[in-house]
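Read through the structure below, which is laid out as structure tokens, and then see the notes.
There are 6 protein chains.
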Amino acid sequence: MENFTLVRPEHLNHHGYLFGGNMLKWVDENAWMAATRDFPGCTMVTVGMDDIRFSHRVDNGAILRFHVEQQEKGRSSATYSVNVLADEPGATTEIEVFKTRVTFVRVDEEGKPCSLPR
Amino acid sequence: MENFTLVRPEHLNHHGYLFGGNMLKWVDENAWMAATRDFPGCTMVTVGMDDIRFSHRVDNGAILRFHVEQQEKGRSSATYSVNVLADEPGATTEIEVFKTRVTFVRVDEEGKPCSLPR
Amino acid sequence: MENFTLVRPEHLNHHGYLFGGNMLKWVDENAWMAATRDFPGCTMVTVGMDDIRFSHRVDNGAILRFHVEQQEKGRSSATYSVNVLADEPGATTEIEVFKTRVTFVRVDEEGKPCSLPR
Amino acid sequence: MENFTLVRPEHLNHHGYLFGGNMLKWVDENAWMAATRDFPGCTMVTVGMDDIRFSHRVDNGAILRFHVEQQEKGRSSATYSVNVLADEPGATTEIEVFKTRVTFVRVDEEGKPCSLPR
Amino acid sequence: MENFTLVRPEHLNHHGYLFGGNMLKWVDENAWMAATRDFPGCTMVTVGMDDIRFSHRVDNGAILRFHVEQQEKGRSSATYSVNVLADEPGATTEIEVFKTRVTFVRVDEEGKPCSLPR
Amino acid sequence: MENFTLVRPEHLNHHGYLFGGNMLKWVDENAWMAATRDFPGCTMVTVGMDDIRFSHRVDNGAILRFHVEQQEKGRSSATYSVNVLADEPGATTEIEVFKTRVTFVRVDEEGKPCSLPR
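Chains as they are written, first to last, in my numbering: chain P, 1 to 118; chain X, 1001 to 1118; chain A, 2001 to 2118; chain V, 3001 to 3118; chain G, 4001 to 4118; chain B, 5001 to 5118.
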């Protein structure tokens, strides 16, 4: 899945760059939507994130592109890579600003892990 | 451009459905990102929206898909159609919930209209 | 109905002016309150907006005045004009920055249109 | 000044009523707009609130009416009463839910108190 | 209780300092958490605030420290002092920026006052 | 550092539990405040998070306690453990709901890593 978000003043830290907490919130949301679309009808919950790396600060006005891809699929869990690229005002090329891997587990109505469809 | 957003409790009206004002905010943001990616380096401003139609109420937990397409291109303006489809929890097909057409104008540093690149 | 809102940094785009999406959100909210006060006890839903025009960018710190007036009343629908005027820091007169017409329909408990009281 | 605000799920506490902190935020904003409109061109800052009383909890979907009136005017300060009335879904009359008095001081560019215009 | 909050651009007024309404919202939230932790299992509601004083404007990037202390305990109510100190970027000492006293009442399921545990 | 946050409806996902993205945002904010207080006058930026584990879903109305502790200190970086405990309405004991380790680097005015004070 490819998804886009616009960075505005409400998302900044006091240095004038994207507040890291907002990046993490968006990553969780985007990865969750990708997983839910891959497994329709399943309730997916975030159980972990690994290898989080903030590699570049992000300017006000940047258009962020979240590239989410399924990496692994287990019995009840699935892992997605998330790469975030920033297209900043006045720039001619995107730069990678963040990456991580997010793992989701399918849960049943009591919140217990259950098998993903084949 | 295709773009996705998740409807959560913070986006609802007191009847428990998506508050229409949030839909309009997201439409403006998504159309603006599409226009800015089509015309890199240009400052685009929203000048109008036409034919706004809310055709179906939207549930909590729906994944919204914004389908944005360029319809017309003038000397300094460009018009985009925006169709929004909702994938609701437990549903098997998406339904169309909203549509409109948004027009942007390119402006220079004084805020005056100027020509778009060919 | 006359209603006022204050523009703060959380409402701006990255150019430092009011983000258009927030204007649309506020317009929907203000028109809805006017319609609900005109038809107490009725559930009103936004079905359309026409002739949206952003005529002037809005500064940080502006006090916006939303002037909402009923224009037409049908069997189950009512249409309101919304004019937004901005009183900007240091200015001596208000300027018109936005206008539109919003149409609401009264719905019953199943979400179907029903007659407005006379 | 009379001003209206709509209570939505994003404004509630976990009991399902308006979170008191949001009421206080709105009161400050509304009183500040009234004071700024009374003294155009002056920078007004909140210096105090007295006699804050939450007299009734507020339901989801209520339309709040903020009634703000100038009570006293000193050399560099002005005091406003704020009464908040709630029109709740299904109700036939408004009820008073909150009141307070807010005092503002005019400050110059260094942030020091200075005289209000006559 | 001691509690910390970070001031970011989304919290500012158009002069670039903390918007007073946000301070009031945070004070209510922090005092409520202190009261709820002191009286576990009790539903506490804010009934009043006294002696609110904003004594210093607060910069973007400040770390605010909310110092909340129980001052009085009645049959069904308890009063807390709240002092807020700001640690601003580049500063070497904290300064006091705000203080007030907040009173809570314990209510039962019908919303009526009831006795606090000894 | 110990810090507290209240979970309200605006923070929930559509299942009625805390939206994971908000937890991540708060963790980043709390760890950053701890690091900034340990190294006054230094600009600290988040460079990574490891071993993120969501171990329990969080109810509406929970008071979250963020326990942040410095674990390692290198030449230009410092690593903090963050444990989050939830005190839910009606519960008699806190439960651990989340943990991670966050690493910060001190940067100079050009955004390049530089030595932390001893």
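For every residue, glycine included, the Cβ atom is placed at its ideal position computed from N, Cα and C.
Asked: Please confirm whether P/L64 and P/A86 have their CB atoms less than 8 Å apart.; Found: yes
Asked: Grab me the residues of A/S2081's own chain with a C-beta within less than 6 Å of its C-beta, minus the 5 sequence neighbours each way, in chain order.; Found: E2069, Q2071, R2101
Asked: Does X/E1010 have its Cβ less than 8 Å from a Cβ in chain B?; Found: yes
Asked: Where in the segment 30-68 of chain P do unbroken runs of the alpha helix (DSSP H), each at least 4 residues long, occur, reported from the N-terminal end onward?; Found: none
Asked: What residues from the segment 1036-1059 of chain X come within 9 Å of chain B, judged by C-beta to C-beta, listed N to C?; Found: D1059
Asked: Quick one: is A/H2067 near chain P, going by C-beta distance under 8 Å?; Found: no
Asked: If contact means a Cβ-Cβ distance below 9 Å, which residues of the segment 2085-2096 of chain A contact chain G?; Found: P2089
Asked: Tell me G/F4104's beta-bridge partners as DSSP assigns them.; Found: G/T4046, G/A4078
Asked: May I ask you to report which of helix, strand or coil DSSP gives A/L2024?; Found: helix
Asked: Determine, using beta carbons only, whether X/V1045 and X/F1104 come nearer to each other than 8 Å.; Found: yes
Asked: Excluding sequence positions up to five away, which residues of its chain have a Cβ less than 8 Å from the Cβ of V/H3014?; Found: none
Asked: Say whether the segment 4031-4051 of chain G touches the segment 2027-2034 of chain A, bearing in mind that this needs 3 or more beta-carbon pairs closer than 8 Å, one atom from each stretch.; Found: no
Asked: Select from G/D4050, G/A4091, G/H4011, G/F4004 the residue whose C-alpha is nearest the C-alpha of G/T4079.; Found: G/D4050
Asked: Check the Cβ of X/N1083 against every Cβ in chain P and list those closer than 8 Å, keeping chain order.; Found: Within 8 Å Cβ-Cβ: nothing; X/N1083 doesn't reach chain P, min ~16 Å.
Asked: Could you say which of G/E4096, G/S4076, G/E4088, G/V4084 lies nearest to G/R4106 if we only look at CA atoms?; Found: G/S4076
Asked: For the beta strand (DSSP E) containing P/E2, list its first residue and its last residue.; Found: 2-6
Asked: Check A/E2088 in the structure and name its three-state DSSP category.; Found: coil
Asked: Which residues in the same chain have their Cβ closer than 6 Å to the Cβ of A/E2088, if we skip the five residues on either side of it in sequence?; Found: D2059, A2062
Asked: For chain G, check one thing: does any of its Cβ atoms lie closer than 8 Å to the Cβ of B/E5110?; Found: no
Asked: By the criterion of Cβ-Cβ separation under 7 Å, what are the contact partners of B/L5018 in chain P?; Found: Chain P residues near B/L5018: none, gap ~11 Å exceeds 7 Å.
Asked: Quick one: which chain X residues come within Cβ less than 7 Å of A/N2022?; Found: K1025
Asked: Just tell me which of V/T3043, V/L3018, V/F3019 has its CA closest to the CA of A/A2091.; Found: V/T3043
Asked: Kindly list the residues whose CB is nearer than 8 Å to the CB of P/P9, restricted to its own chain and excluding five residues on each side of it in sequence; keep chain order.; Found: N60
Asked: Short of 7 Å in beta carbon distance, which residues of its chain neighbour G/N4083, apart from the five on each side in sequence? Order them along the chain.; Found: H4067, E4096, K4099
Asked: Between the alpha carbons of P/F4 and P/E110, how many angstroms are there, rounded?; Found: 34 Å
Asked: Strictly under 8 Å for the Cβ-Cβ distance: is P/L116 near chain X by that measure?; Found: no
Asked: Any idea what DSSP makes of X/P1113, helix, strand or coil?; Found: strand
Asked: Per DSSP, B/Q5070 is paired with what?; Found: B/Y5080
Asked: Say whether chain G places a C-beta atom closer than 8 Å to the C-beta of P/N30.; Found: no
Asked: If you reduce the DSSP assignment to three classes, tell me which class B/E5096 lands in.; Found: strand
Asked: In angstroms with no decimal places, state the Cα-to-Cα distance between A/H2011 and B/A5035.; Found: 30 Å
Asked: Could you check whether B/L5006 and P/G21 sit closer than 8 Å to each other, using their CB atoms as the reference points?; Found: no
Asked: If we define contact as Cβ-Cβ less than 8 Å, is V/F3104 a contact residue for chain A?; Found: no
Asked: Would V/F3004 pass as an interface residue toward chain A - the criterion being a Cβ-Cβ separation below 8 Å?; Found: yes
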